[in-house]
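Numbering (the working numbering), first residue to last: 300 to 332.
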């Protein structure tokens with residue numbers, strides 16, 4: 300059973316991960332131009 304803190308931690312980690320993924324895509328696009 301997950302606590303509120305655990306859920307909050309997982310959600311924040313997911314957000315950070317998606318932001319880094321978008322940044323990586325932007326860098327790849329920048330390299331191709």
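Don't be surprised by glycine CBs; every beta carbon is placed ideally from N, CA and C.
Bear in mind the structure is a predicted one, so any value in this text is a computation, not a measurement.
Contacts around residue i, its chain only, beta-carbon distance under 7 Å, and the 5 residues preceding and following it disregarded
i	result
residue 333	The question about residue 333 has no answer here: the residues shown for the chain are numbered 300 through 332.
Residues of its chain near residue i, where Cβ-Cβ distance is below 6 Å and the 5 sequence neighbours each way are ignored
i	result
residue 314	none
residue 300	none
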